[in-house]
Structures are given as C-alpha cells and as structure tokens.
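For reference, the structure is listed below as structure tokens.
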Amino acid sequence: MFCATVDDNMDGKVLMLLAVMLLVAFSGVEGDSGYLRKPSCGSSGHFFCIEQYDPVCGSDGNIYSNECELCVYIQ
1 MFCATVDDNM
11 DGKVLMLLAV
21 MLLVAFSGVE
31 GDSGYLRKPS
41 CGSSGHFFCI
51 EQYDPVCGSD
61 GNIYSNECEL
71 CVYIQ
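Counting along the sequence shown from 1, when you hit position 30 you're at 30 in full-length UniProt numbering, and nothing is skipped either side.
In structure tokens form, the structure reads like this:
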C-alpha cells in the first residue's frame, strides 16, 4: 500500500516538472526576446570587432560570429 502512494505521488511530481519545463521553454517565443531584431550598428561606418563568438543570423540567411561582424558586412 505504501509503494502505490509513493508511485502516485512521483507521477504527479513528474507531470508538474514537465509542465514547468514547457512553460519555461516557450515563455520567450514571442515578444521582445531578441530573436527578431535589427542590429544596432550605429552610423559611423568604422568598426573594430573583438574576437567574441556570439553568433547572429543575418536576414541573408548567413550566420555571423557576432553582431559587429554582421554590421561590417552590412556597411
């Protein structure tokens, strides 16, 4: 009898954990998530990019190593 109670309780915890994981995974799908935004390149046209790997996707379908590299390509 005790084992059935523990198993039932464990099933509830697993379902609750899955529900929370789904909420966290899909909470940033819409809104100001940073996924669909224009790069902040500025207007100077002169860029010195550091070697930082923080990949961004350009509207041309290419992946750039960081936002600065994308701005260099745009200018």
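Quick reminder that beta carbons are idealized off the backbone N, C-alpha and C, glycines included. Just so it is clear, the structure is predicted and the values come from calculations on it, not from any experiment.
* Asked: How is I63 classed by DSSP in three states: helix, strand or coil?
  -> In the structure shown, I63 sits in a strand (DSSP, three-state: E or B).
* Keeping to the same chain, check which residues put their C-beta closer than 6 Å to that of E69; ignore five residues upstream and five downstream. => Answer for E69: C49, listed in chain order.
* Asked: Quick one: what's got a C-beta closer than 8 Å to I63's C-beta in the same chain, skipping five residues either side?
  -> Within its own chain, the residues whose Cβ lies closer than 8 Å to the Cβ of I63, once the five positions on either side in sequence are excluded, are P55, V56 and C57, listed in chain order.
* To do: Give every residue of the same chain whose Cβ lies closer than 6 Å to the Cβ of E67, excluding the five residues on either side of it in the sequence, and list them in chain order.
  => P39 and V56.
* To do: Have a look at the DSSP bridge pairing and note the partners of V56.
  => Under DSSP, V56 forms a beta bridge with Y64.
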